[in-house]
Amino acid sequence: MSKIARRKFIQLSAAAAAGAMVVPGKEAVAQDMPKVEEDEAMAQAMKYVHDASTVDPASRANPAAEQNCANCALVQGADGDAWRPCQIFPGKLVAAEGWCTVWAPKA
Ligand code: SF4
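Note that numbering that gives the first Met the number 0 has the sequence shown beginning at 0, numbered continuously upward.
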């Protein structure tokens, strides 16, 4: 191995080792999760939509006003995030402005 190739190999190895030591935080993991699609079977079963304003309030079983994923008891993640994990859709993100029939008020 030439000196230049050896030096490059050492540099790349050091960079790879440094990258392997980076442990992603919970937030980074959530950001990597896929978004729920409205046409998925589970989403359709729960009548999930990305935009709660498209749902007629009169059609809801729960009459509470201003329902969306951001103010639902089942949403997870950080307040203010546009897409957040939800207990009903494990491994996926729902829109903060979304809604589904499982909506429940925060205690
Ligand atoms: Fe949104 Fe709540 Fe339905 Fe989850 S359970 S999709 S947070 S309304």
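Just so it is clear, CB atoms sit at the ideal spot from N, CA and C, and this is done for glycine as well.
Inter-residue Cα distance where the pair is residue i and residue j
| i | j | result |
| --- | --- | --- |
| V74 | Y47 | 13 Å |
| I87 | C99 | 10 Å |
| C85 | D55 | 22 Å |
| A108 | D38 | Residue numbering for the chain in the displayed model covers 0 to 106; residue 108 lies beyond these limits and cannot be assessed. |
| A72 | W102 | 7 Å |
Check: residue i C-beta below 7 Å from any heavy atom of the ligand SF4
| i | result |
| --- | --- |
| V74 | yes |
| G97 | yes |
| V93 | yes |
| M32 | no |
| M45 | yes |
Buried or exposed by the 16-neighbour rule on C-beta atoms within 10 Å, applied to residue i
| i | result |
| --- | --- |
| Q43 | exposed |
Collapsed DSSP secondary structure at residue i in the structure displayed
| i | result |
| --- | --- |
| C99 | coil |
query = At what residue ranges does the region 32 to 83 contain a whole run of the alpha helix (DSSP H), taking only runs of 4 or more?
reply = 40 to 44
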